[in-house]
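A.B. asks:
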Amino acid sequence: MLRLFEINRGILREQSIEETMSRQQLSEAAWVDLQEPEEDERDLLQQLLRTELPESDDVEEIEASARYFIDSAGVHIHSLFLSQSEGRHDTTTVAFILQPQRLITVRETDLADFRLLRMRARRRQVEVRSAQELMVQVFEQKVENLADALEDIHVKLGEVSFLVLEDESAELEDAIDYLAKLEDSTGKVQLCLMDTRRSITFLQRHIHIDGELQESFRDITRDIDTLMAHTGFVFNKINFLMDSTQGFINIEQNQIIKIFSIAAVVFLPPTMVASIYGMNFDIMPELKWAGGYPFALLLMLLAGVAPYAYFKKKGWL
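Under my numbering, residues 37 to 353 are what the sequence shown spells out, in order.
1. Based on DSSP bridge pairs, tell me the residues matched to T127.
2. Which residue's Cα is closest to the Cα of G268: H114, P306, L227?
3. Which residues bound the alpha helix (DSSP H) around Q289?
4. Kindly give me the distance between the Cβ atoms of L38 and I53, rounded to whole angstroms, as I take these residues to be in contact under 8 Å.
5. What are the boundary residues of the alpha helix (DSSP H) that E169 is part of?
6. Which residues in the same chain as T127 place their Cβ atom closer than 8 Å to its Cβ, once the five residues preceding and following it in sequence are excluded?
7. Might you give, ordered along the chain, the residues of its own chain that have their beta carbon closer than 6 Å to the beta carbon of F105, omitting 5 neighbours on each side?
8. Indicate the three-state DSSP secondary structure (helix, strand or coil) for G110 in the structure shown.
9. Would you mind reading off the limits of the beta strand (DSSP E) that contains I140?
10. State yes or no: is the C-beta of D146 within less than 9 Å of the C-beta of K178?
11. In the DSSP assignment, find the unbroken alpha helix (DSSP H) run with I236 in it and report its ends.
12. Touching or not, the segment 297-313 and the segment 338-346, by the rule of three or more beta carbon pairs under 8 Å?
13. Is D210 near the ligand SAH, with its Cβ less than 8 Å from a heavy atom?
14. Whose CA, out of D279, E248, F175, G351, lies closest to the CA of S235?
15. What do you reckon, are the CB atoms on L420 and T281 nearer than 9 Å?
16. Helix, strand or coil: how does DSSP classify E163 here?
17. Going straight from the alpha carbon of G351 to that of A332, what length do you get?
18. Cutting at 7 Å between CB atoms, please list the residues of its own chain near R159, excluding the five before and the five after it.
19. Hey, how far is the Cα of H244 from the Cα of M171?
20. Name the DSSP beta bridge partners of F105, please?
21. Could you have a look at R78 and say whether DSSP puts it in helix, strand or coil?
22. In this structure, does DSSP put D149 in helix, strand or coil?
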């Protein structure tokens with residue numbers, strides 16, 4: 037899917053694409069957004085822009101030299117964005133090509149950051165003067181969405197905290213699964229924040245920045261530092277709840293083992309008495325005694341009650 041945007045009097049507007057795209061229409065676009073491109077769209081765009089678009093395998097490279105570089109086509113940045121599918125967070129890479137008059141983005145999935153930016157553009161709420169400012173707007177929107185995701189994780193963490201620390205009927209095994217998902221989501225948010233910081237640093241070094249744009253970069257960096265500190269707090273909270281949950285599970289298991297251990301100790305003396313009188317020796321005085329059977333039963337009862345009473349007095353039960 038191909039989308040074109042133009043900057044008209046400082047306002048970003050989406051263009052309607054004709055069936056046959058003209059070179060003039062493409063040259064007037066300040067933002068070319070390519071989502072899940074088909075081969076004919078890639079070929080057409082590469083011919084008109086005279087730029088080789090990155091393949092999906094290329095944008096997933098983790099080396100800094102493969103993610104941030106400059107060539108004849110412009111400034112290349114491959115940045116991680118947070119996505120969500122089936123209730124779980126994931127990361128996807130968006131390839132940016134920043135040219136003097138144009139920003140090109142190539143991605144393989146729809147992202148909330150770009151949906152929100154398109155919605156704001158339709159409402160004439162995106163004020164930009166150049167492709168550089170537009171790219172800064174994209175990163176500002178990205179950081180805002182990461183902050184929202186982190187706030188959502190923090191709210192869910194509060195719910196898990198109540199289940200673990202206050203709700204006695206909660207299933208602690210389910211709480212561990214939930215905490216593991218929250219830890220994974222927090223890690224991906226942190227990864228996107230770190231990647232955004234590297235992208236901003238690269239842009240500051242390699243593009244012309246005026247005073248207003250420099251202030252925007254500083255604002256984004258300050259927001260990233262604040263969110264990074266918050267992710268550290270969330271990680272500590274998750275680790276605390278994980279340790280607490282495992283501790284409560286161990287306590288429950290120890291209680292069960294304790295019950296079995298006490299039961300074994302209580303029934304051991306009666307079992308010993310029964311074993312003694314179950315022997316088949318010829319000479320056993322109690323065999324011919326009329327009260328031998330009641331005596332053996334009473335002895336087994338006393339042998340079981342005595343340990344139980346002792347444990348109860350010690351407070352072990």
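Built from N, CA and C at the ideal position, the CB exists for glycine as well.
C.D. replies: This is what the structure holds:
1. L118
2. L227
3. 247-312
4. 6 Å
5. 167-201
6. L116, F117, L118, S119, K224, L227, C228
7. H112
8. strand
9. 139-143 is the extent of the beta strand (DSSP E) around I140.
10. no
11. 208-242
12. yes
13. The ligand SAH is not part of this structure, which contains no ligands at all.
14. F175
15. Outside the displayed span of the chain (37 to 353) sits residue 420, for which this structure offers no information.
16. strand
17. 29 Å
18. none
19. 13 Å
20. H112
21. Helix, per DSSP.
22. helix
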